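Asker: Structure incoming, see below.
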Amino acid sequence: MKLKLYNTLTRREEVFEPLRPGLVRLYTCGLTVYDQMHLGHARTYCFWDLLRRVLRSFGWEVFSVINYTDIDDKIIARANERGIPFRQLTEQYIAEFLRDCDELHIHRYTVYCRATDHIPWMIQMIERLIEKGHAYVVEGGDVYFSVRSFQGYGKLSGHRVEDLLEGARVEPDPRKRDPADFALWKAKKPGEPSWESPWGEGRPGWHIECSAMAYGYLGDQIDIHGGAVDNKFPHHENEIAQAEACCAGQFVRFWMHPEHLIVEGQKMSKSLGNFITVREALAQWDYELIRWAFAQVHYRQVMDWSAGVIDSYRSSYERVVGLHRRLEEVALEGLGEEDLGQVLLPVEEGLEEEMDEEVREVGRKGWRSFLAALAEDINTPQAMASLFDYVSAVNAREAQWTEQPKVALYFYRRLSELLYLIGIERARLDLHPKLVLQFASVGRTSLARTEKPPEVWVLRKLLQLREEARAKKDFATADKIRDLIQMTGARIEDTPRGPRLVVPELGED
Ligand SMILES: [Zn+2]
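Residue numbers (this note's numbering): 2 to 510.
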């Protein structure tokens, strides 16, 4: 099966293969960290999460990078409003962003990078652009990129430099050679944070951070670069200009741009009162239902969110998770430890081989047709349709799997895989208390197979099971679960205010 993705750069679907065999290098533009994450962000980041899951199911490793824009006009203004240093503000919203992402079960990226931690990289890139005649310093210490010096300007968005000039509504800065030129470095203004540079104190422009960090972490040619659709112009157009003018060759192979989320037909905005933060959404709807809803609309289409629409998805969602739950119950009640222990192995190794040809075909077809839909430019609505075909086929065999719990286990595991791809991770039989204890006692865990850094939600779930055991004064069990957590490299610290999870690389939870 081939994976096809729509490439904004070529304006068509193309077969995707990583440039380096086996490894996908992915960069996605992250949040400007001065406020809480809203549902539009959630849709975008859930999409990148889904894409990464699909890429991995094609057998590729994914090295993923996301940035935090932690210095810009809005950040400075908000920090001044509150009378706090800008770093205090950005630290707060980075922590909230990570918490929201974890609750949405967005897997952690390989690298999270803050713009202000990478200013030397940006300065190097700007110096090189000046050397090569693509950028110039003006009086006062600002540095601009010369748009006309880069032939390919406009290739992503289709904008021509001439059109940009006609559309300009503001009087251009007279120090610019061309009104369409954009800032690489901004000279310090009174009361603003600043960094040393060869052109005097100042701060980087927004666009340069992504070019410099993508280059620094992923090399001069990357497989996929994405951002929400409003990043296409000018941000990504400018990123291409900077990166390709600085380093020879094509900067990005595939550009991807998920569409916006609107609320009841209107753009989300605080003034309209239809602004929904992720916090508010999670208070109202389970994360699983939110991700289920996202999967109903193709990522290149605008999604119109409303409470009514979400409620209309609820019955289909409950039908599927209801079946999932029943399959789990039948498996847990009917099977012994040895059979259940098969959840430690990939389903193809062992369990599937034991099934009758007919049963096996139901499971394989369910998986193949779901993945085939996702392989067509991540067609989630089509994938949902094939999920329902699978659910109907399993329901039609109810008499069989209630009689044969091993068949129930097999159907359960295949259904879990489908749900997992769209980000619904209720489906971890190996996190059932009965099995956690069994694995803890034999010192085995399937958690060793999870991504690095560890999936925080898995550790939290284990911590919760440990607390439940402690509440029942079952300390032997609690200790076994603690050992299991430690096998993943994380640890629990018991503090007077309760237990605290410490995850390496991620710090305290
Ligand atoms: Zn960016």
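For glycine and all other residues, C-beta sits at the position ideal for the given N, C-alpha and C. From a predicted model like this one, the values you see are computed outputs, not experimental measurements.
Compare the Cα-Cα distances from Tyr391 to each of Asp378, Thr403, Arg365 and report the closest residue.
Answerer: Arg365
Asker: Could you compute how far the alpha carbon of Thr11 sits from the alpha carbon of Glu18?
Answerer: 16 Å
Asker: Quick one: give me the first and last residue of the alpha helix (DSSP H) that Gly207 is part of.
Answerer: Reading off the sequence shown, one finds Trp at residue 207, where the question assumed Gly. Here the alpha helix (DSSP H) through Trp207 covers 207-219.
Asker: Which residues are close to ligand 1, meaning CB closer than 5 Å to any heavy atom, in chain order?
Answerer: Qualifying residues come out as Cys30, Cys211.
Asker: Between Val253, Ser417, Trp286, Leu90, which lies nearest to Thr9 when the distance is taken from Cα to Cα?
Answerer: Val253
Asker: Measuring CA to CA, which of Gly266, Asp221, Tyr145, Gly84 is closest to Pro180?
Answerer: Selected option, being the one with the closest Cα: Tyr145.
Asker: For the alpha helix (DSSP H) that Tyr94 lies in, which residues bound it at each end?
Answerer: 87-104
Asker: Count the C-beta pairs between the stretch 53-66 and the stretch 291-299 that are closer than 8 Å, then say yes if the count reaches three, no if not.
Answerer: no
Asker: Can you give me the start and stop residues for the alpha helix (DSSP H) that Tyr314 sits inside?
Answerer: 308-335
Asker: DSSP state of Gly227, grouped into three classes?
Answerer: strand
Asker: So Glu210 and Ala116 are supposed to be a Cβ contact under 8 Å. How far apart are they, rounded?
Answerer: Sure, about 4 Å apart at Cβ, within 8 Å.
Asker: In chain order, what are the residue ranges of uninterrupted beta strand (DSSP E) at least 3 long that sit wholly in the stretch 109-141?
Answerer: 112-115, 136-138
Asker: I think Thr70 touches Thr45, with their Cβ atoms under 8 Å apart; what is that distance to the nearest whole Å?
Answerer: With a Cβ gap of about 14 Å, Thr70 and Thr45 do not count as contacting.
Asker: Would you identify the three-state DSSP class for Phe151, choosing helix, strand or coil?
Answerer: coil
Asker: How would you label Val25, buried or exposed, when you count the other beta carbons within 10 angstroms and need 16 or more for buried?
Answerer: buried
Asker: Tell me the DSSP secondary structure of Gly342 in three-state form.
Answerer: helix
Asker: Can you tell me whether Gly31 is buried or exposed, with buried defined as 16 or more other CB within 10 angstroms of its CB?
Answerer: Note on Gly31: 16 or more other CB atoms within 10 angstroms of its CB, so buried under the neighbour-count rule.
Asker: Could you tell me the distance, in whole angstroms, from the CA atom of Glu452 to the CA atom of Glu14?
Answerer: Note that Glu452 scores 41 on pLDDT, short of 50, meaning its location in the model is unreliable and no value can be drawn from it.
Asker: Report all residues from its chain with a CB closer than 7 Å to the CB of Ile72; omit the five preceding and five following residues, and keep chain order.
Answerer: Phe87, Ala116, Thr117, Pro194, Arg204
Asker: Are the stretch 391-409 and the stretch 318-329 in contact at 8 Å, needing three or more beta carbon pairs?
Answerer: Taking 8 Å as the limit for Cβ pairs, the verdict is that the stretch 318-329 does touch the stretch 391-409.
Asker: Note down, in chain order, each residue of its chain lying with its Cβ closer than 6 Å to the Cβ of Ala384, except the 5 sequence neighbours on either side.
Answerer: The answer, listed in chain order, is Phe371, Ala374, Leu375.
Asker: Quick check: the stretch 211-227 against the stretch 122-135, are there 3 or more CB pairs under 8 Å?
Answerer: Output reads yes: the stretch 122-135 touches the stretch 211-227.
Asker: Whole-angstrom Cβ separation of Ile425 and Glu329, contact assumed at under 8 Å?
Answerer: About 14 Å; that fails the 8 Å criterion.
Asker: Cα separation between Tyr110 and Gly217?
Answerer: 16 Å
Asker: Indicate whether Glu353 and Tyr411 have their beta-carbon atoms separated by less than 8 Å.
Answerer: Contact flag set, yes.
Asker: Does DSSP put Ile425 in a helix, a strand or coil?
Answerer: Three-state result, Ile425: coil.
Asker: Less than 8 Å between the beta carbons of Ala409 and Ala332, yes or no?
Answerer: yes
Asker: Could you pull out every residue in the same chain whose Cβ sits closer than 8 Å to the Cβ of Gly131, ignoring the five residues on either side in sequence?
Answerer: With the sequence shown as reference, residue 131 is identified as Ile, and Gly is not the correct amino acid for it. Correct list, in chain order: Tyr137, Val138, Val144.
Asker: Near Glu404, what residues of its chain come up, given a Cβ to Cβ distance below 7 Å and the 5 sequence neighbours on each side ignored?
Answerer: none
Asker: For the stretch 144-161 against the stretch 173-187, do three or more pairs of beta-carbon atoms, one drawn from each stretch, fall closer than 8 Å, so that the two count as touching?
Answerer: yes
Asker: Could you tell me which residues DSSP pairs with Ile291 in its beta bridges?
Answerer: Residue pairing by DSSP leaves Ile291 without any beta bridge partner.
Asker: With 16 as the cutoff for other CB atoms within 10 Å, does Thr381 come out buried or exposed?
Answerer: buried
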